[in-house]
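Sequences listed follow chains A and B, in order. As numbered in UniProt numbering, residues 1 to 414 make up the first sequence, in order. As numbered in UniProt numbering, residues 1 to 414 make up the second sequence, in order. Where a beta carbon is used, it is the ideal one built from N, C-alpha and C, also for glycine.
Protein chains: 2
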Amino acid sequence: MTELLNKIGKQAQIAAQTLAQVPTSTKNQVLCAMADALEERTPEILEANQADLADTTGLEDKFIDRLTLTADRLAGIADGVRKVANLSDPLGNIERGWTTDSGLEISQKRVPLGVVGIIYEARPNVTVDSAVLCFKSGNAVILRGGKEALQTNIKIAVILREVLGAFNLPKDIVQVVAETSHELAQQFMRLNEYIDVLIPRGSARLIQTVVAHATVPVIETGAGNCHIYVDETADLQMAIDIVINAKTQRPSVCNATEKLLVNAAIAPDFLPQIAQALASSHVEIRGDEQTCQILGDQVRPAQPEDWDIEYNDYIIAIKIVDGLDEAVSHINQHNTKHSEAIITTDYEHSQQFTQQVDAACVYVNASTRFTDGFEFGFGAEIGISTQKLHARGPMGLKELTTTKYVILGQGQIR
Amino acid sequence: MTELLNKIGKQAQIAAQTLAQVPTSTKNQVLCAMADALEERTPEILEANQADLADTTGLEDKFIDRLTLTADRLAGIADGVRKVANLSDPLGNIERGWTTDSGLEISQKRVPLGVVGIIYEARPNVTVDSAVLCFKSGNAVILRGGKEALQTNIKIAVILREVLGAFNLPKDIVQVVAETSHELAQQFMRLNEYIDVLIPRGSARLIQTVVAHATVPVIETGAGNCHIYVDETADLQMAIDIVINAKTQRPSVCNATEKLLVNAAIAPDFLPQIAQALASSHVEIRGDEQTCQILGDQVRPAQPEDWDIEYNDYIIAIKIVDGLDEAVSHINQHNTKHSEAIITTDYEHSQQFTQQVDAACVYVNASTRFTDGFEFGFGAEIGISTQKLHARGPMGLKELTTTKYVILGQGQIR
């Protein structure tokens, strides 16, 4: 098993060295050819996918839905690949440069990370998406997806690798780990000799497992216990529109709002209005003591653990706060450092909130749902980083790269 | 024990929130007052240091030397603190900003990491240095140093904390972990709830232990198996000067050169010259087969493991290569991705080397010894990152920070 992983790792490292020198125009041609191949070979992929779907005993419907491919979905995936071809290539950019007192010319140049490991669940779209984002950013990728999607993933990899081969590029730029045991996953997370970065994509549980067991540097993505604070100066209609959007437009994702903090001064006026709007959208409300007093039996009492839960569902918890200080302090204590918003018409309050709240994305008068690589204009997204090292917030192609210093001298010694 | 660490962690987190809002001018005043206090209270610090030095049974001389403070050394440390006061503050800088199609104004603003954990050996200078660099970059710091320096570290922390208190700042901006058991160190590395980043500073062994056991994100620093490749077009006198400087100016540090690769075409001419220069500097040579053939009994044969060892000593291993491709491939296989140099007069070769060698710093015609925060002009250094995430190469104040996105809207929803 260790032997298998070492072989895969070494192959990836060698392939990455070649890929790092491939010009952007070639990479874009390859991406378009990959998109075409995925469409042309749809029947083969669907056949492999059917094999994976042959036994779905005990799997949830949501799980099966994510695992299932159709011709339409594949066309959408192929279109995504073409969009990556259109993104600008961050590699080779000189981030900064200067000449030292000793006359050395230093440039900090953007280069690939090298080998990226992706650990994810049974979602074939993540296979394609991760492979092409890593490819465009000059990285070899090792994909370790959920075992339920293994046949589909292997077939997709075969197709992408054949395209790489047709362009005389090393096929090992894209590799799928075909053995899906728990033990192998553990070893994969400790393959420091060959893997430069590990990105887990999926549920909070998957991510926590990777963080707990990996020795390879990890980019933590995902969990979002996001808050909206409605200030006493807020435009209440704007507050209602934003809360409803942030909670209900897509409740299952990490940038959906989970908690509503309301200034005590406007609570008696605002709470009945927002409660009605939430009820119309079938959102369950859990309230702190004061909220329950105002809203009565429209709400059930929130438990202490409610303030830390990411519901990912049609549920919201509401807390009344005395003012901005309490709101900031509650958020900094309970948030997952993802996305936080204030609704206000007060300039000072907007400043204090954006300065003091500790999160990847801090909003004034907008929905937390905008925390997204596409909405940010990055054109793609490999995930939303909730850690502070390397990348914070939506990660696009640039966040899949690193830099190196190139130093040109004329014989300098110390 | 867990209770102690949770308490320290929580205190650091609260202190960090206050520190994040402190203006640069105040921080600089505090730093100058810290420098003064360290000098004024030299007798107290030396007394604590003597207590640590009371029993040095079994410790190496080098170890004792690093642990020992004198009035002169303390004056030097205080001067270092004043220099940090003079550095420009990276916080608050807007790294980039744009307006999205939906009219959101996004700015990416530089902010502190939050709480930084430092794990290091019995070197009291690292206590001061880490504390003030973290302070200037807006981070609370938790210092876990070697147990042999505990009394000194506690005394230094008391003094720095009193200065913080005198400026009405939270003393918990600087905390020393006073219990130095192995078990506590292990728990410290897994304190994800409170520590944002862990930086090990010290030996390769210390760093590897932290990488293997930490779940908190780690910035890996240190190990340097650095190479110089002497191209067939090199100015041989320049090559000799650079090799002697890179090997002997300070052999114990990570940016010292450990390996010399020589193009076969110039080996018969160059090797006797460099061997003589190395002999004059008391450097032991270990050679591959061809090197041994040319230099005879001036060298001992290199063993396979020699190509991966960081000697940190007056030892160098020499290998003859057929050309640039072999040099690049040998370096990428054996280096620690720290600093690599080519000596050449050929433009194409300089380009190929800087493009293909995978390392934090790649040099043309200069000594690898320049990989250093001060030499780079950063004015300070918390270490040299050899990993690819977050920071690569010398890390100054900017590398002790992260960013957050501030998004200003007018009621936008998706």
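C-alpha gap between residue i and residue j, whole angstroms
{"i": "A:R82", "j": "B:T371", "result": "41 Å"}
{"i": "B:R369", "j": "B:K337", "result": "14 Å"}
{"i": "A:G409", "j": "B:L389", "result": "27 Å"}
{"i": "A:A15", "j": "B:G202", "result": "33 Å"}
{"i": "B:L104", "j": "A:Q175", "result": "39 Å"}
{"i": "B:G97", "j": "B:A212", "result": "38 Å"}
{"i": "A:T42", "j": "A:A71", "result": "6 Å"}
{"i": "residue 442 of chain A", "j": "B:E340", "result": "Within the shown structure, residues of chain A are numbered from 1 to 414, placing residue 442 of chain A beyond reach of any answer."}
{"i": "B:I219", "j": "A:I266", "result": "46 Å"}
{"i": "B:L261", "j": "B:I320", "result": "6 Å"}
{"i": "A:E305", "j": "B:L38", "result": "46 Å"}
{"i": "A:I77", "j": "B:Q412", "result": "28 Å"}
{"i": "A:Q208", "j": "B:I407", "result": "28 Å"}
{"i": "A:L67", "j": "B:G145", "result": "50 Å"}
{"i": "A:N225", "j": "B:L198", "result": "24 Å"}
{"i": "B:A302", "j": "B:G287", "result": "5 Å"}
{"i": "A:H349", "j": "A:I240", "result": "19 Å"}
{"i": "B:L5", "j": "A:D36", "result": "56 Å"}
{"i": "B:L91", "j": "B:Q249", "result": "36 Å"}
{"i": "residue 477 of chain B", "j": "B:R300", "result": "This structure cannot settle anything about residue 477 of chain B, because the visible part of chain B is limited to 1 through 414."}
{"i": "A:A234", "j": "A:L278", "result": "18 Å"}
{"i": "B:P272", "j": "B:Y347", "result": "27 Å"}
{"i": "B:A223", "j": "A:K398", "result": "27 Å"}
{"i": "B:N86", "j": "A:G396", "result": "36 Å"}
{"i": "B:Q276", "j": "B:G383", "result": "34 Å"}
Continuous alpha helix (DSSP H) stretch holding residue i: start and end
{"i": "B:Y347", "result": "347–356"}
{"i": "B:P394", "result": "Element bounds for B:P394: not the alpha helix (DSSP H) but the beta strand (DSSP E), 393–395."}
{"i": "A:T209", "result": "204–213"}
{"i": "B:I14", "result": "2–19"}
{"i": "B:E183", "result": "182–188"}
{"i": "A:S329", "result": "324–334"}
{"i": "A:G80", "result": "71–86"}
{"i": "A:I64", "result": "61–67"}
Range of the contiguous beta strand (DSSP E) that encloses residue i
{"i": "B:A341", "result": "339–343"}
{"i": "A:M34", "result": "Taken as a continuous stretch (DSSP letters only), A:M34 belongs to no beta strand (DSSP E), being part of the alpha helix (DSSP H) at 24–40."}
{"i": "A:G409", "result": "401–412"}
{"i": "B:K319", "result": "315–321"}
{"i": "B:I384", "result": "383–385"}
According to DSSP, residues forming a beta bridge with residue i
{"i": "B:V197", "result": "B:V116"}
{"i": "A:H227", "result": "A:K259, A:E340"}
{"i": "B:Y363", "result": "A:I407, B:A341"}
{"i": "B:G377", "result": "Note: B:G377 sits in no beta bridge, so no partner."}
{"i": "A:W98", "result": "A:I106"}
{"i": "A:T221", "result": "A:S385"}
Buried or exposed by the 16-neighbour rule on C-beta atoms within 10 Å, applied to residue i
{"i": "A:K247", "result": "buried"}
{"i": "B:G138", "result": "buried"}
{"i": "A:Q356", "result": "buried"}
{"i": "A:Q237", "result": "exposed"}
{"i": "B:P23", "result": "exposed"}
{"i": "A:T26", "result": "exposed"}
{"i": "B:G296", "result": "exposed"}
{"i": "B:D269", "result": "exposed"}
{"i": "B:T127", "result": "buried"}
{"i": "residue 441 of chain A", "result": "This structure leaves residue 441 of chain A out entirely; chain A is present only between 1 and 414."}
{"i": "B:F167", "result": "exposed"}
{"i": "B:E121", "result": "buried"}
{"i": "A:I94", "result": "exposed"}
{"i": "A:F374", "result": "exposed"}
{"i": "B:T291", "result": "buried"}
{"i": "B:D79", "result": "exposed"}
{"i": "A:N335", "result": "buried"}
(request) Entirely within the segment 237–304 of chain B and at least 4 residues each: give me those alpha helix (DSSP H) ranges in chain order. (result) 267–280, 289–295
(request) Please go through the segment 102–177 of chain B and give each complete alpha helix (DSSP H) segment of 4 or more residues, from N-terminal end onward. (result) 124–136, 150–166
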